[in-house]
Amino acid sequence: MNKLISRDNRSLVPIKNDLLLRVLQGESVERPPVWLMRQAGRILPEYRAIRNAIPDFKSLVTNPELASEVTVQPVDLLNVDAAIIFSDILVIPEAMGLDYEMVEKVGPRFPRTIVTTSDIDRLRAGDDAADHLEYVYQAIRATKDKLQDRVPLIGFSGAPFTLLAYMVEGKGSKTFSAAKSFVYSKPREAHSLLEKLTDTIIAYLKRKVEAGANVIQIFDSWAGVLDQQLYRDFSLRYITQICQALTMVPVIVFAKGAWFALDDLAKIPDIAIGLDWQTEPGFARRVLGKERVLQGNLDPSCLLSPEANIRSRTKGCWKLLASIILPI
């Protein structure tokens, strides 16, 4: 068992299967570590049994014991190389005072949205908001107890712009036109909201690390609805602040659809960069260089194909990205 040094070289993290952590430290490894972004969920009958026994999705998210149980299920059943805590990116807006609903087979809905400056002023932020997410930290501690250091545990957050998109739009969208209109027409208010979100995310993720998360991933799921300049102004600057604040553990940034921002993301030191399945890996390597740690690039629909094809495509990701990769 190796003893793995975190990004600031201060803490030692003993993990039995340390492939993921060695990759994130830039080491050459014997094979790629494999995990899935949504590996706890509908793919597992064991998850469905638990989910069907409770009233709704949020009841599972806010129950530390059940959340830890479904986090560990894929490690036990699929033998993946990492666990990712079962939660939702929208717990942050809720902790700030903007409640959400998860409608079965529809998705998230916000009964109230952000429209005016006073809406933003009423939101909690920073430590005050992070205090309302104790159930997440409890779930991490319970998960660590169940894992017994078999694999690393990933904690995560939505990126500030992605959370703004939901808080303004009020639901999922292919274009997030209301959120983009807000950014264009009310830039001062948008930055005020993004600053509150950033302060909250930093406080939240630091507490996740204190609770036992070995890796942090930032999901900018709706980065691709912005152009390059908007992304720099309304997303990248805040992601950079978060990464600079999280020196304790490795950080992965996944900006879905933001192929145009790879060179800008490369300016953030010491982070791994996630690639969506539509980003050509050779292009990414040319932009990011040979030394940058890369994750992903496997088309999720591939998982619906025969097992032999899944294995072949996963190995293909490793070969295409050459040095260090996490097929997802």
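Our numbering applies: residue 730 is where the sequence shown begins, and numbers increase by one.
For each residue, glycine too, the CB sits at the ideal point set by N, CA and C.
When you compare only the Cα positions, how much space is there between Gln946 and Val763? One-based indexing of the sequence shown puts residue 946 at position 217. One-based indexing of the sequence shown puts residue 763 at position 34. Distance between the alpha carbons of Gln946 and Val763: 15 Å.
Once DSSP output is grouped into helix, strand and coil, what is the label at Pro979? The sequence position of residue 979 within the sequence shown is 250, counting from 1. Three-state DSSP puts Pro979 in coil, outside helix and strand.
Residue burial classification, Gly1018 (beta-carbon count within 10 angstroms, cutoff 16): Residue 1018 sits at position 289 when you count from the first residue of the sequence shown. With fewer than 16 other Cβ atoms within 10 Å, it is exposed.
Given 8 Å, three or more beta-carbon pairs between the stretch 826-841 and the stretch 791-800: no
Given a threshold of 16 other Cβ atoms within 10 Å of its Cβ, counted over all protein chains shown, does Ser847 qualify as buried or as exposed? Here residue 847 refers to the residue found at position 118 when the sequence shown is read from its first residue. Counting other Cβ atoms within 10 Å of its Cβ, Ser847 stays below 16 and is therefore classed as exposed.
Throw me the rounded Cβ distance for the Ile971 and Ile930 pair, which I believe falls under 8 Å. In the sequence shown, counting from the first residue as 1, residue 971 sits at position 242. In the sequence shown, counting from the first residue as 1, residue 930 sits at position 201. About 6 Å; that satisfies the 8 Å criterion.
Looking at Pro979 and Asp999, is the spacing between their C-beta atoms short of 9 Å? As a working note, residue 999 is residue 270 in the sequence shown. As a working note, residue 979 is residue 250 in the sequence shown. Yes.
Figure out for me which residue from Ala952, Glu939, Phe963, Cys1046 has the closest Cα to the Cα of Met977. Here residue 977 refers to the residue found at position 248 of the sequence shown. Across the set Ala952, Glu939, Phe963, Cys1046, the C-alpha of Glu939 shows the shortest separation from the C-alpha of Met977.
For Ile760, count neighbouring C-beta atoms within 10 Å of its own C-beta (all shown protein chains included) and say buried if the count is 16 or more, exposed if not. By 1-based counting over the sequence shown, the position of residue 760 is 31. This sequence places Arg at residue 760; Ile is not what is there. Exposed, because fewer than 16 other Cβ atoms sit within 10 Å of the Cβ of Arg760.
Measure the beta-carbon distance from Phe948 to Gly887 and round it to whole angstroms, keeping in mind my assumption that it falls under 8 Å. By 1-based counting over the sequence shown, the position of residue 948 is 219. By 1-based counting over the sequence shown, the position of residue 887 is 158. With 8 Å as the limit, Phe948 and Gly887 qualify as a contact, their Cβ atoms being about 5 Å apart.
Below 8 Å, can you find three or more Cβ-Cβ pairs linking the stretch 848-867 to the stretch 803-813? no
Report the three-state DSSP secondary structure of Val938 (helix, strand or coil). The sequence position of residue 938 within the sequence shown is 209, counting from 1. Of the three classes helix, strand and coil, the one that applies to Val938 here is helix, per DSSP.
How is Ser886 classed by DSSP in three states: helix, strand or coil? If you number the sequence shown from 1, residue 886 lands on position 157. Three-state result, Ser886: strand.
Rounded to whole angstroms, what is the Cα-Cα separation between Asp860 and Glu823? Start at 1 with the first residue of the sequence shown, and residue 860 comes out as number 131. Start at 1 with the first residue of the sequence shown, and residue 823 comes out as number 94. Their backbone Cα atoms lie some 12 Å apart in a straight line.
Pop quiz: Leu955 and Met896 are said to be a contact at Cβ under 8 Å. What is the actual Cβ separation, rounded to whole angstroms? To locate residue 955, count along the sequence shown from 1; it is residue 226. To locate residue 896, count along the sequence shown from 1; it is residue 167. No, Leu955 and Met896 are not in contact; Cβ-Cβ is about 16 Å, not under 8 Å.
Three or more beta-carbon pairs under 8 Å between the stretch 870-884 and the stretch 741-750, yes or no? yes
Give every residue of the same chain whose Cβ lies closer than 7 Å to the Cβ of Lys1044, excluding the five residues on either side of it in the sequence, and list them in chain order. For this step, residue 1044 is matched to residue 315 along the sequence shown. Closer than 7 Å at Cβ, skipping near neighbours: no residue.
Beta carbon of Ala984, beta carbon of Tyr960: below 9 Å? In the sequence shown, counting from the first residue as 1, residue 984 sits at position 255. In the sequence shown, counting from the first residue as 1, residue 960 sits at position 231. Yes, the Cβ-Cβ distance between Ala984 and Tyr960 is below 9 Å.
Between Gly836 and the rest of its own chain, which residues show a CB-CB distance below 7 Å, the 5 nearest in sequence each way excluded? Counted from its first residue, the sequence shown places residue 836 at position 107. These residues qualify, in order along the chain: Lys900, Gly901.
Here's the rule I'm using: 16 or more other beta-carbon atoms within 10 Å means buried, otherwise exposed. How should Gln802 be labelled? Reading the sequence shown from its first residue, position 73 is the one you call residue 802. Gln802 comes out buried.
Looking at the strands, I want to know which residues DSSP matches up with Phe948. Stepping through the sequence shown from its first residue, residue 948 is reached at position 219. Paired residue(s): Gly887, Phe983.
Taking Leu962 as the reference, which of Lys925, Tyr913, Leu934, Ala1001 has the closest Cα? Stepping through the sequence shown from its first residue, residue 962 is reached at position 233. Note that residue 962 corresponds to Asp in the displayed sequence, not to Leu. Ranking the options by Cα distance to Asp962, first place goes to Tyr913.
Residue environment, Leu1089, which counts as buried when at least 16 other CB atoms sit within 10 Å: Outside the displayed span of the chain (730 to 1057) sits residue 1089, for which this structure offers no information.
What number of angstroms, rounded off, separates the C-alpha of Trp988 from the C-alpha of Leu892? For the purposes of this step, residue 988 is taken as the residue at position 259 of the sequence shown. For the purposes of this step, residue 892 is taken as the residue at position 163 of the sequence shown. Trp988 and Leu892: Cα-Cα distance of roughly 20 Å.
So, are the CB atoms of Phe885 and Leu923 less than 9 Å apart? Looking up residue 885 in the sequence shown gives position 156. Looking up residue 923 in the sequence shown gives position 194. Cβ distance not < 9 Å, so Phe885 and Leu923 don't count as in contact.
Taking a contact to mean a Cβ-Cβ separation below 9 Å, would you say Val752 touches Tyr864 in this structure? Mapped onto the sequence shown, residue 752 falls at position 23. Mapped onto the sequence shown, residue 864 falls at position 135. At a Cβ-Cβ threshold of 9 Å, Val752 and Tyr864 do not count as neighbours.
Going by DSSP, name the residue or residues bridged to Val832. On the sequence shown, residue 832 is found 103 positions in, with the first residue counted as 1. Looking at the DSSP assignment, Val832 forms a beta bridge with Gly836.
Out of curiosity, what's the CA-to-CA distance linking Ala1037 and Ala854? On the sequence shown, residue 1037 is found 308 positions in, with the first residue counted as 1. On the sequence shown, residue 854 is found 125 positions in, with the first residue counted as 1. For Ala1037 and Ala854, the distance between alpha carbons rounds to 48 Å.
Taking all protein chains shown into account, decide if Phe905 is buried (16 or more other Cβ within 10 angstroms of its Cβ) or exposed. Position 176 of the sequence shown, counted from the start, is the residue given in the question as residue 905. Counting Cβ neighbours within 10 Å, Phe905 comes out buried, since at least 16 surround it.
Across which residues does DSSP place Leu773 in a beta bridge pair? The count along the sequence shown starts at 1 and reaches residue 773 at position 44. None; Leu773 has no bridge partner.
Please classify Ser788 as buried or exposed, where buried requires at least 16 neighbouring CB atoms within 10 angstroms. Start at 1 with the first residue of the sequence shown, and residue 788 comes out as number 59. Counting Cβ neighbours within 10 Å, Ser788 comes out exposed, since fewer than 16 surround it.
Whole-number beta carbon distance between Leu1004 and Leu975, since they are thought to touch under 8 Å: Locating residue 975 in the sequence shown gives position 246, counting from the first residue. Locating residue 1004 in the sequence shown gives position 275, counting from the first residue. The pair is not a contact, with the Cβ atoms about 21 Å apart (cut-off 8 Å).
Quick one: is Arg1015 buried, meaning 16 or more other Cβ sit within 10 Å of its Cβ, or exposed? In the sequence shown, the residue the question calls residue 1015 occupies position 286. The residue is exposed, with fewer than 16 neighbouring Cβ atoms inside 10 Å.
Beta strand (DSSP E) runs wholly inside the stretch 788-832, at least 3 long, in chain order: 830-832, all fully within the stretch 788-832.
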